[in-house]
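Undergrad: The structure's right below; bear with me while I get my questions together.
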Amino acid sequence: MKVSDYLFAITLICLATAIWFRDITWMNEAADTLPILVTLPLFVWLGAPWKFTDLSMAISPLPLFGSAILFLTGIILNLTLILALAWVFLLWLWLSSRLEASCLPRLKKLLVLPLMAFPWVTLDLQVVGWWFRLSGAWMTEHLFTLFGSTVSREGTQLIINDLSVSVAPACAGMNVLQSLLIAGSVLAFILLGNSNRYWWNLFLLLGIAWISNTLRILALTSAAVLVDAEFAMGIFHRWGGWLVLCTVFALSYLLFSYQEKRLNSEAG
3 MKVSDYLFAI
13 TLICLATAIW
23 FRDITWMNEA
33 ADTLPILVTL
43 PLFVWLGAPW
53 KFTDLSMAIS
63 PLPLFGSAIL
73 FLTGIILNLT
83 LILALAWVFL
93 LWLWLSSRLE
103 ASCLPRLKKL
113 LVLPLMAFPW
123 VTLDLQVVGW
133 WFRLSGAWMT
143 EHLFTLFGST
153 VSREGTQLII
163 NDLSVSVAPA
173 CAGMNVLQSL
183 LIAGSVLAFI
193 LLGNSNRYWW
203 NLFLLLGIAW
213 ISNTLRILAL
223 TSAAVLVDAE
233 FAMGIFHRWG
243 GWLVLCTVFA
253 LSYLLFSYQE
263 KRLNSEAG
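In the numbering used here, the protein residues as written are 3 to 270.
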């Protein structure tokens with residue numbers, strides 16, 4: 003690495019720090035914060051070995067200008083996702099100009115990790131959280147009706163056997179969702195990184211996350227109905243996020259490892 007590379011890396015670190023600290027509401031709990039903060043070290047680890055070329059290729063001013071426009075747009079619209087995209091684009095401009103060509107195909111697949119290193123899921127995608135809650139409430143309504151309970155629902159508010167249950171914003175699991183996507187992306191890269199299946203399996207992670215979060219809502223509601231609300235909102239609720247994380251990890255591992263075995267058998 004040359005002096006210019008270190009300067010570019012320092013610039014990226016400063017920009018990343020500015021994005022992280024522009025809104026610190028995502029730093030409520032260590033369990034939600036740590037997965038985001040370890041994502042960039044994971045990117046460095048999985049991307050090794052880093053083979054820098056001796057030839058220095060200048061970055062075209064036009065892409066740099068495009069990155070600056072993206073940063074400005076993200077600031078004006080107050081969208082962390084756009085800021086994250088601008089940062090990742092700038093990172094790629096630097097890496098693609100300094101690394102050997104043989105490293106680039108692998109790193110393209112890993113760029114999802116730097117993108118997930120910023121809390122845009124928690125800060126920008128609240129509408130996704132609302133749909134997670136609404137669909138979870140709908141599934142809960144129909145399941146309890148199937149088992150003979152008296153259920154009425156209005157939006158995310160449920161009344162089951164005269165017990166009022168609210169699928170609150172905390173049940174959307176948006177902080178957990180970001181952690182799920184990070185863990186699932188790492189697992190997908192390790193098992194399917196050498197296949198084009200890697201890309202569309204990333205989209206499957208959203209479906210797996212929805213299934214797991216819906217199961218969490220069902221479990222919490224069942225605990226409230228069968229035991230009491232205090233039990234459901236106590237330790238059962240606190241550990242619900244970890245239950246979702248473990249479920250997604252298990253489902254993702256089964257799905258990805260099955261595909262890996264299929265690919266190996268086809269190659270053999």
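Where a beta carbon is used, it is the ideal one built from N, C-alpha and C, also for glycine.
These numbers come from a predicted model, not from an experiment.
Starting from SER154 and walking both ways along the beta strand (DSSP E), at which residues does that stretch end?
TA: 153 to 156
Undergrad: From which residue to which residue does the alpha helix (DSSP H) around VAL167 run?
TA: From DSSP, VAL167 is part of no alpha helix (DSSP H) but of the beta strand (DSSP E) over 165 to 168.
Undergrad: For a test of the three-state rule: what should DSSP assign to PHE120, helix, strand or coil?
TA: Three-state result, PHE120: coil.
Undergrad: Locate the alpha helix (DSSP H) running through ILE77, then write down its first and last residues.
TA: DSSP places ILE77 inside the alpha helix (DSSP H), whose first and last residues are 63 to 79.
Undergrad: Using only the alpha-carbon positions, how far apart do LEU95 and LYS110 sit?
TA: The straight-line gap separating the alpha-carbon atoms of LEU95 and LYS110 is approximately 12 Å.
Undergrad: Could you please give me the residues that DSSP links to LEU101 through a beta bridge?
TA: PHE54
Undergrad: In chain order, what residues of the same chain lie with their CB nearer than 8 Å to the CB of LYS53, ignoring the 5 residues before and after it?
TA: LEU101, GLU102, SER104, CYS105
Undergrad: Where PRO121 and LEU85 are concerned, what is the direct C-alpha to C-alpha distance, given to the nearest angstrom?
TA: 11 Å
Undergrad: For the pair the segment 209 to 227 and the segment 244 to 256, tell me if three or more CB-CB distances fall below 8 Å.
TA: yes
Undergrad: Return yes when the Cβ of LEU112 is within less than 8 Å of the Cβ of GLY49, no when it is not.
TA: yes
Undergrad: Tell me whether GLU143 is buried or exposed, calling it buried when 16 or more other Cβ atoms sit within 10 Å of its Cβ.
TA: buried
Undergrad: So LEU160 is in the beta strand (DSSP E); what residue range does that whole segment cover?
TA: 159 to 162
Undergrad: So, do the segment 153 to 167 and the segment 215 to 229 have three or more beta carbon pairs nearer to each other than 8 Å?
TA: The segment 153 to 167, when compared against the segment 215 to 229, does touch it at the 8 Å Cβ threshold.
Undergrad: Are there 16 or more other CB atoms within 10 angstroms of the CB of ALA170, so buried, or fewer, so exposed?
TA: Exposed, because fewer than 16 other Cβ atoms sit within 10 Å of the Cβ of ALA170.
Undergrad: In chain order, what residues of the same chain lie with their CB nearer than 7 Å to the CB of THR75, ignoring the 5 residues before and after it?
TA: ILE84
Undergrad: Between SER181, PHE10, THR152, LEU9, which lies nearest to THR41 when the distance is taken from Cα to Cα?
TA: SER181
Undergrad: Could you work out which residue in VAL123, PHE205, ILE161 is closest to ARG186 when comparing CA atoms only?
TA: Looking at the sequence itself, residue 186 is Gly, so the reference to Arg does not match. The shortest CA-to-CA distance from GLY186 to any of VAL123, PHE205, ILE161 is the one to PHE205.
Undergrad: Below 7 Å CB to CB, which residues in the same chain sit around LEU193 once its five sequence neighbours on both sides are set aside?
TA: The residues are PHE258, SER259, GLU262.
Undergrad: Look at LEU220 and MET118 and say whether their C-beta atoms are less than 8 Å apart.
TA: Going by C-beta atoms, LEU220 is not nearer than 8 Å to MET118.
Undergrad: Taking the C-alpha atoms as reference points, what is the distance between PHE45 and GLY131?
TA: Cα atoms of PHE45 and GLY131: separation of roughly 27 Å, rounded to the nearest angstrom.
Undergrad: For ARG108, is the classification buried or exposed, using 16 other Cβ atoms within 10 angstroms of its Cβ as the cut-off for buried?
TA: Burial call: exposed.
Undergrad: So ASP25 is in the alpha helix (DSSP H); what residue range does that whole segment cover?
TA: Annotation for ASP25: no alpha helix (DSSP H) segment contains it, and DSSP assigns it neither H nor E.
Undergrad: For SER197, report the span of its alpha helix (DSSP H) as first-last.
TA: That residue, SER197, is in no alpha helix (DSSP H); it is neither H nor E in DSSP.
Undergrad: Tell me which same chain residues have a C-beta within less than 8 Å of the C-beta of THR55, skipping the five on either side of it?
TA: ARG100, LEU101, GLU102
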